[in-house]
Amino acid sequence: MKLRILKMKGILGKRESSHFCSQLKMMLASGIPLLEALMVIQGSSTSKKYFNQIGMLIDKVTEGYSLSESALGFLPPLAVGSLRAAERAGNLEETLENLSKYFENQADFEEKVTGALIYPTFVLGLSFLIVFALIFFVLPTMKGLFADLGGELPLITNTILSLGDYLSGRYFFLAGLVGVGGWLLLRQNDSEKMEQIILRIPFFGKLIRQEVIIHGFGTLGTLLNGGTPVLEALAIAADTSRSVIFKKIIWKARKGVESGEKLSEELGKFSFFPEETMQMLKVGENSGRLGQMLLDIANFLAKERESNLKRFATLLEPAMTLVVGVVVGFIVLAMFLPMVNMISRLQ
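The sequence shown begins at 74 in our numbering and counts up by one.
Encoded structure:
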């Protein structure tokens with residue numbers, strides 16, 4: 074069994090996982106047996122890699138493994154845990170539908186973030202190239218002309234020329250320095266401390282915190298609604314989170330729940346979560362709707378996150394244009410001021 078898991082050609086992405094769960098749910102709801110449904114999905118595949126992955130899944134189901142056991146190394150851990158609980162509770166179709174929606178929402182958000190950052194990234198890269206060309210190629214070429222003209226150069230021109238002279242010939246050194254610094258930053262052991270620093274960044278920190286909670290609560294809610302025991306659901310939610318802080322919080326909360334405490338009370342001890350979400354969680358837990366309330370909180374934060382992202386994209390584009398305009402204008406001014414002075418002297 075372990076050998077087969079290792080041969081799996083990678084876990085499906087969010088969009089592919091959503092599509093697979095949706096297809097399988099529809100076929101099972103139509104009365105098609107699991108093995109036959111998997112064969113139909115494999116037959117409709119247009120990707121050789123996906124075709125082979127489904128083939129391995131079919132082989133394991135044929136050997137007598139359950140769907141959740143067969144899906145190890147094929148679907149994300151959240152899906153495997155949910156399917157395991159669904160097989161015990163007998164609500165496989167409902168769980169597949171919930172998983173499909175969950176992965177689709179996650180994929181949609183990632184695409185929105187990418188879309189929102191495409192233009193700013195392009196503008197930033199283009200402006201960097203323009204500034205680089207002006208400082209290291211255009212201005213040095215004109216430096217000799219300025220010297221021949223005589224006279225004192227404006228302060229702004231002297232400043233930029235001095236900067237260009239200092240950095241000239243140090244391109245690779247600076248690039249290497251930045252590269253090594255970035256590598257050390259990524260490899261540093263105290264990832265929790267680094268995450269705390271990131272979470273303090275205005276706007277971005279809030280956006281990242283929201284994403285961590287949305288993913289964590291969405292995972293928990295999906296698992297609990299699928300019939301996964303709360304302790305197992307908490308363990309899966311902690312293991313599948315990319316946030317070191319969230320992992321620690323969930324493991325600590327799990328110990329409290331294991332001792333008989335309420336989840337809302339345990340999570341409420343940490344300032345990581347907004348107060349309003351803890352109030353909502355307490356209401357859901359007291360009414361016996363913990364799983365659904367976790368999903369409701371995730372949806373509530375997702376709408377707020379999307380609104381913040383749109384507002385950010387709306388403000389970022391003109392701000393980037395303004396900054397680039399000021400920087401390029403500053404350099405262009407440094408180029409033309411000596412010419413204006415020369416013309417004035419000639420007159």
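Cβ coordinates follow ideal geometry from the N, Cα and C atoms, glycine included.
Being a predicted model, the structure only gives us computed values, none of them experimental.
- For Thr119, there is no enclosing alpha helix (DSSP H), since its DSSP letter is neither H nor E.
- Looking from the CA of Ile323, the closest CA among Lys185, Val397, Val285 belongs to Val285.
- In the displayed model, Leu145 falls within a strand according to three-state DSSP.
- Taking every protein chain shown into account, the CB of Gln269 has fewer than 16 other CB atoms within 10 angstroms, so this residue is exposed.
- Non-local beta-carbon contacts of Ile370 in its own chain, meaning distances under 7 angstroms to residues more than five positions away in sequence, involve Phe290, Thr350, Met353, Leu354 in chain order.
- Taking each of Val405, Leu410, Gly299 in turn and checking the Cα distance to Val211, the smallest one comes out for Val405.
- Judged by DSSP in its simplified three-state form, Gly364 adopts helix.
- Taking C-beta separations shorter than 7 angstroms and ignoring five residues to either side along the sequence, the partners of Thr230 in its chain run Ala407, Leu410, Pro411, following chain order.
- In the three-state DSSP reduction, Pro391 falls in the helix class (H, G or I).
- With a cut-off of 8 angstroms on Cβ pairs, the region 178-187 is not in contact with the region 198-205, counting fewer than three such pairs.
- In terms of CA proximity to Phe319, Leu272 leads the group Ile84, Gln126, Gly333, Leu272.
- Rounded to the nearest whole angstrom, the CA to CA distance from Leu151 to Leu367 is 15 angstroms.
- Shown here, Leu108 sits in a helix according to DSSP, grouped into three states.
- If you draw a 10 Å sphere on the C-beta of Val253, you find fewer than 16 other C-beta atoms in it, and that means exposed.
- Ser141 is positioned such that its CB atom lies closer than 9 angstroms to that of Leu156.
- Only residues of its own chain outside the window of five on either side were considered, and among them Met81, Ile84, Leu85, Gln126, Met129, Leu130 have a CB closer than 8 angstroms to the CB of Phe147, listed in chain order.
- Taking a contact as a CB-CB distance under 8 angstroms, the pair Ser120 and Val400 does not count as one, their CB atoms being some 45 angstroms apart.
- Rounded to whole angstroms, the separation of the alpha carbons of Ser264 and Leu165 is 38 angstroms.
- Less than 9 angstroms divides the Cβ of Leu280 from the Cβ of Asn381.
- Contact between Ile309 and Leu296 holds: CB atoms are separated by about 6 angstroms, below the 8 angstroms threshold.
- DSSP places Ile274 outside both helix and strand once states are collapsed to three, so it counts as coil.
- A straight line joining the alpha-carbon of Met99 with that of Leu108 spans about 14 angstroms.
- For Arg315, the three-state secondary structure derived from DSSP is coil.
- Secondary structure at Pro411: helix, using DSSP grouped into helix, strand and coil.
- In the three-state reduction of the DSSP assignment, Pro150 falls in the helix class.
- The beta carbon of Gly299 sits closer than 6 angstroms to the beta carbons of Ser155, Ala158, Ala159, Thr168 from its chain, once the five residues preceding and following it are set aside; these are given in chain order.
- By the Cβ neighbour-count rule, Val153 is buried, with 16 or more other Cβ atoms within 10 Å of its own.
- For Pro193, the uninterrupted alpha helix (DSSP H) run begins and ends at 165-206, by DSSP.
- In the structure shown, the three-state DSSP call for Ser417 is helix.
- Residue burial is scored here from C-beta neighbours: Leu388 has fewer than 16 other C-beta atoms within 10 angstroms and is therefore classed as exposed.
- Under a 10 Å Cβ-count criterion, Arg315 is classified as exposed, with fewer than 16 other Cβ atoms of the shown protein chains found around its own Cβ.
- Counted as a single uninterrupted DSSP element, the alpha helix (DSSP H) harbouring Ser91 occupies residues 87-102.
- Per the coordinates, the alpha-carbon of Thr214 lies some 41 angstroms from the alpha-carbon of Ile274.
- Secondary structure note for Gly357: its alpha helix (DSSP H) is the uninterrupted segment 348-359.
- In this structure, Val196 places its C-beta atom within 9 angstroms of the C-beta atom of Val397.
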